[in-house]
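**Student:** This is the structure, below, for whatever I ask next.
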Amino acid sequence: MAVAAAPFAAFVMDARTGKEIYAQNADTRLHPASLTKMMTLYMAFSAIERGQVRLDSKFLVSSHAAAQPPSRLGLKAGQRIELRYLIRAAAVKSANDAATVIGEGLAGSEPKFAQQMTQMARALGMRNTNFRNANGLTAEGHYSTARDMSTLGRRLFYDFPQYYSLFSRRSADAGITTVSSTNKRFLDSYEGADGIKTGYTRAAGFNLTASAKRGSKRIVATVLGGNSTAHRNQVMAQLLDAGFGKAPTRVREVKPAPPQFVAERKVRRSVQVAQAAAPAAAVRLSSSQRPVARASTVAVVTPAAISAAVQRAQAATPPAAASAAPGRALAASARPARKPEARRLAAAAEPELLADAARPEARPEEGDASETAAAPMKAPRPLPAPRGDRSASLAAPSAGSPSLFVQTAVPQPESMALLAAPPTQRSETIILAALEPADDADPQATEIVARDAAGGGGNWGLSLGLFRSQSEAQQVLLKTALQESGALGNAPSRVANTQRGFEANFTGMSRESAQLACDRIAARQQSCRVFGP
4 MAVAAAPFAA FVMDARTGKE IYAQNADTRL HPASLTKMMT LYMAFSAIER GQVRLDSKFL
64 VSSHAAAQPP SRLGLKAGQR IELRYLIRAA AVKSANDAAT VIGEGLAGSE PKFAQQMTQM
124 ARALGMRNTN FRNANGLTAE GHYSTARDMS TLGRRLFYDF PQYYSLFSRR SADAGITTVS
184 STNKRFLDSY EGADGIKTGY TRAAGFNLTA SAKRGSKRIV ATVLGGNSTA HRNQVMAQLL
244 DAGFGKAPTR VREVKPAPPQ FVAERKVRRS VQVAQAAAPA AAVRLSSSQR PVARASTVAV
304 VTPAAISAAV QRAQAATPPA AASAAPGRAL AASARPARKP EARRLAAAAE PELLADAARP
364 EARPEEGDAS ETAAAPMKAP RPLPAPRGDR SASLAAPSAG SPSLFVQTAV PQPESMALLA
424 APPTQRSETI ILAALEPADD ADPQATEIVA RDAAGGGGNW GLSLGLFRSQ SEAQQVLLKT
484 ALQESGALGN APSRVANTQR GFEANFTGMS RESAQLACDR IAARQQSCRV FGP
């Protein structure tokens, strides 16, 4: 059931354990805006660690990428630029054109990259997220939640510590210019803040996923739907303060496990007829070793096909040769010569998390003859890049970064240049899917749902009074929710715009829970009134 978009959502977690500290509309699907770029960067870091690309790999700027609206780096169609500069521009300046170039360079097209982003989100446990592009511009079916964005922020910290310092930079060299951070104001104003990402569109409001460390504690929080940069930063400061106040000083750190995937390999083989040496009077046929053929060539051997091959072989043998030299081997075989590409592709394909960046691969249609094997696998440490320092001049490298990908004995190609040649099909198709089923290919329009109140919900609520502005009312709701989280549970908050002013309400409660919460709030000398259906 589609209802009006929620004006505000928030989520706070203890980054050391991933446990929830505070949630308000945390699972409501909203526009993430440029928080989307956190996943774009996660995918880029993954590709670097896997050896698919290097920081000095040059990506081609398409006309589609160059035409993206601001914020932009100012890339031109046909230009080639190193991945390191694209990463800096996307992370620090939140450049839409740079993020689009990253997506197109890694997956061949932005729609395909968005599918891979969504697939990765499922593997990371982001159950209410769907991506349509790499930069976060408003698009139908492009959504996420405060909980999911906080989960992604935590994964960036733990999965790629060697790149994480990028998010605390106030400025960075983006190749063609020096860019300034969109998060500079919050980083400078909040003690211990070291990231992560801002976002804004008119549909989304002012968004922020932030991380901060004080002593042994680290808190990650997300705000969606702020009214302004100042309001968003003020709310984030309150959320982080509450997180540090409630998080235990000593706790056992629980690092996130590597994402798990199911790898489904579909192999196509063709059987071709080969002719061995035989007397001319009775030609004897034997099957050659069955090579792994290209996905588009599948031969079916039938008795009629064998008979036709025999007739062709006999017709190709001169009568004189057959009579003069009985038992002599045939001079030529009717089997067509294999292409060099087929010989090269006969080796088993390397399992990868994503399709090759420069060689997008078509998925087989349903009904194709194939041999399928599916098994869940955990990814050990990835192979290093072929050469060069992956993290040099981007962020300080750090040992012990958890690996998310599959290690294989197949040697990596020496050249990692992207988009240097037209794509070629591979003889095997690796289809990767998260263990949890993904959303439909065409998800429904964004649906906003409020969470039920503790105790099964109800039609009762409580009012905290009237205020002169919506921002002031939201501030009181947030402060009260943090102070009385036990009594309020998950009761949704709402600001009602009345003729007398903006009323701050908690709704969806039972009569008993509303009265209990109101009594606790009134005990702190704060106005509170219970209302019913």
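With the first letter of the sequence shown counted as 1, position 171 gets the number 174 in this note's numbering; the numbers rise by one all the way through.
For each residue, glycine too, the CB sits at the ideal point set by N, CA and C.
1. With a threshold of 6 Å on Cβ separation, who are the neighbours of Arg83 within its own chain once the five nearest residues in sequence on each side are excluded?
2. Is the CB-CB distance between Ala50 and Leu109 below 7 Å?
3. Write down the C-beta distance between Asn99 and Asn138 rounded to the nearest angstrom, noting that I regard them as a contact closer than 8 Å.
4. Hey, Ala101 and Leu76: beta-carbon distance below 7 Å or not?
5. Just the Cα atoms here: how many angstroms apart are Phe509 and Arg57?
6. For Ala18, which option in Leu33, Pro536, Ser466, Val257 has the closest C-alpha, if you only look at C-alpha atoms?
7. Go through its chain and collect everything with a Cβ distance to Phe14's Cβ below 6 Å, but skip five positions before and after it.
8. Please decide whether Ala224 counts as near chain C, where near means a Cβ-Cβ distance under 7 Å.
9. Output the boundary residues of the alpha helix (DSSP H) element that contains Met42.
10. Take Ser74 as the anchor and find which of Leu519, Thr201, Lys216 has the nearest alpha-carbon.
11. Tell me which residue opens and which closes the beta strand (DSSP E) that Tyr25 is part of.
12. Would you mind working out which of Ala117, Gln478, Gly246, Leu227 sits nearest Val498, comparing C-alpha positions?
13. Can you name, in chain order, every residue of its own chain whose Cβ lies under 7 Å from the Cβ of Ser231, other than the five neighbours on each side?
14. With distance defined between alpha-carbon atoms, name the residue in Thr483, Arg130, Pro495, Ala494 nearest to Leu242.
15. Checking 7 Å against the spacing of the C-beta atoms, do Ile105 and Thr204 come in under that value?
16. Given a cut-off of 7 Å, decide if Arg221 and Phe247 are closer than it, judged by their beta-carbon atoms.
17. Hey, how far is the Cα of Ala12 from the Cα of His67?
18. Which residues in the same chain have their Cβ closer than 7 Å to the Cβ of Arg135, if we skip the five residues on either side of it in sequence?
19. Do Ala490 and Ala520 have their beta-carbon atoms positioned less than 7 Å apart in this structure?
20. Please state if the CB of Ser174 and the CB of Thr181 are separated by a distance shorter than 7 Å.
21. Give the DSSP-derived three-state secondary structure of Gly108 in the structure shown.
22. If you draw a straight line from the alpha carbon of Phe160 to that of Tyr167, how long is it in whole angstroms?
23. Pick helix, strand or coil for Ala196, following the three-state DSSP scheme.
24. If distances are taken between C-alpha atoms only, which option among Leu481, Gly504, Asn500, Ser513 comes closest to Gly464?
25. Going straight from the alpha carbon of Asp443 to that of Asn493, what length do you get?
26. Comparing alpha-carbon positions, which option in Ser530, Tyr88, Lys22, Gln502 lies nearest Ile179?
27. Let me confirm a value: Ser214 is counted as buried when at least 16 other C-beta atoms fall within 10 Å, else exposed. Which label applies?
28. By a C-beta neighbour count over all protein chains shown, 10 Å radius and 16 as the cutoff for buried, is Ser192 buried or exposed?
29. Measuring straight from C-alpha to C-alpha, what distance separates Lys115 and Ser65?
30. Taking the beta strand (DSSP E) that Asn133 belongs to, which residues open and close that run?
31. Should Ala13 be listed as close to the ligand ADP, given that the test is whether its C-beta is under 6 Å from any heavy atom?
32. State the DSSP-derived secondary structure class of Arg454, mapped to helix, strand or coil.
33. With distance defined between alpha-carbon atoms, name the residue in Ser496, Ser472, Gln528, Pro261 nearest to Met123.
**Tutor:** Judging by the given coordinates:
1. Lys61, Leu63
2. Cβ distance < 7 Å, so Ala50 and Leu109 count as in contact.
3. 4 Å
4. yes
5. 51 Å
6. Closest option to Ala18, Cα to Cα, is Val257.
7. Ala26, Ala29, Ala149, Arg150, Ser153, Thr225
8. Protein chain content of the structure displayed is limited to a single chain, and chain C is not contained in it.
9. Boundaries of the alpha helix (DSSP H) around Met42: 39 to 53.
10. When only C-alpha atoms are compared, the closest one is Thr201.
11. 22 to 27
12. Gln478
13. Phe209
14. Thr483
15. It is not a contact, given that the beta carbons lie outside the stated cut-off.
16. Judged by beta-carbon spacing, Arg221 lies beyond the 7 Å limit of Phe247, meaning their Cβ atoms are not closer than that value.
17. One Cα belongs to Ala12, the other to His67, and the distance between them is close to 32 Å.
18. Within the same chain, Ala117, Ala142, Gly144, His145 come within 7 Å of Arg135 by CB-CB distance, once the 5 residues on both sides are set aside.
19. yes
20. yes
21. The answer is helix: DSSP assigns Gly108 an H, G or I state.
22. 6 Å
23. strand
24. Cα-wise, what sits closest to Gly464 is Ser513.
25. For Asp443, the pLDDT reaches just 35, beneath the cut-off of 50, and the residue's location in the model is therefore unreliable, leaving the point undetermined.
26. Tyr88
27. buried
28. exposed
29. 15 Å
30. Unbroken run through Asn133: none, as it is neither H nor E.
31. Ligands displayed in this structure: none; no statement on the ligand ADP is therefore possible.
32. Here the model assigns Arg454 a pLDDT of 36, short of 50, so the residue's position is not dependable, and the following value carries that caveat. In the structure shown, Arg454 sits in coil (DSSP, three-state: anything other than H, G, I, E or B).
33. Pro261
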